[in-house]
Structures are given as structure tokens and as C-alpha cells.
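Numbering (mature numbering (1 follows the signal peptide of the UniProt record, and there is no 0)), first residue to last: -19 to -1, 1 to 146. A virtual CB, placed ideally from N, CA and C, is assigned to each residue, including glycine. Working notes for the structure below.
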Amino acid sequence: MNICHGLLFLLVLVTISEGKLNVLLIVADDLRPSLGCYGYEPLITPNIDLLASQSVVFNRTYAQQAICGPSRASFLTSRRPNTTHVYDQHTYWRKRRGNFTTLPQHLKNNGYVTFSVGKIFHPGAASGKTDDYPYSWSVPPYHPSTQQYKMAKVCTTLTPVNSEI
């Protein structure tokens, strides 16, 4: 693995509900920590900053490849890019190299309902132009408008650390 000056922010929250574990995985990237919780002020990220203030924030990040498609394919299949043969944004590992089981697919195959909101797999050709639905997801992935919700109060149950948030 190569160390990158960037961000692959993963947060896994596990709780017990009806005898089954609930798993929440948040993935953010762009290979740089451009969020307020990392001290980057030009971007307005109040909701993730609030969540980060009450969570574990990782300051050392690693990526298998320096671009999104191969890195996400690697992370979500637990395979290195030289195994998936994904080195760009246009290659779908299922067609190129193998029908590997993904992390959300494993959960789905074992009785969980899986949802994708935003960018989990790299969209487009790198994920079969479906964000790997229906293999990995129970319902088609949802991509909300970032402009419409950029200042929405989505973490209303958390207590702000800073009154400006």
C-alpha cells in the first residue's frame, strides 16, 4: 500500500437491533482532507464536522491507487488493483477480471438490507454504470443533489460543539 496525502475517511458504527448488527459505513475521498474537521476552511462542511467532533477521525490514510475507481474497487472487494486489473475510471472489475464479492454484497447475501447514498463505488463505467446494483445493493443507489442540501441540518440529534455550526 502507498501512503497518500489524502482522505479515505471510514466510520463504522455498530449497534444491536433485533438481534442483528446494524452497520453504517461512511466513505469520503478525493485524496485530500478538504473538510473542516481537518482544518480546511474554504469548504463549508458543518454536518460532517459535527459528526467528526463526536467520532474517531483518522489522520493517516492509505490508498491502493491514486485515483478513485481502482481504490474503491480495491477497498470494496478486498483485492489489490493488480488482482482486479482496475487502473483507471473506465474498467469494471466484474467484466475485466472476476466476479468478486463486495463488502455490501456479502452483507446483502447474509440477510442485511443494503443502501448506497452518494458515492460509494466510482459511478459510471467503473461500477457497471449501475453503482454495482443489484449485486451490492438492495435498492438502486441514490445520488442527492449536493447544492440543494449543502447547508441542511441533517444531524439534528447531535449537540453542536461550536455554536456557529
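Sequence-distant residues of its chain with Cβ nearer than 8 Å to K76 (five each side left out): G109
Length at least 3, wholly inside the region 43 to 127: the beta strand (DSSP E) runs in chain order: none
Cβ-based burial, S59 [other Cβ within 10 Å; buried from 16]: exposed
Cβ neighbour criterion (16 or more within 10 Å) applied to I29: buried
For I(-17), the three-state DSSP class (helix, strand or coil): No answer about I(-17) holds up, because its pLDDT of 37 lies below 50 and its placement is not dependable.
The region 14 to 22 / the region 64 to 80 touching (three or more Cβ pairs under 8 Å): no
Residue closest to F81, alpha-carbon to alpha-carbon, out of Q35, P62, S97, V98: P62
Residue span of the alpha helix (DSSP H) that contains I29, given as start and end: 27 to 34
Whether T42 touches S55 by CB criterion (9 Å): no
Residue environment, L2, which counts as buried when at least 16 other CB atoms sit within 10 Å: exposed
Helix, strand or coil at G20 [DSSP, three-state]: coil
Proximal residues to T26 (C-beta, below 6 Å), its chain only, five neighbours per side dropped: L16, G17
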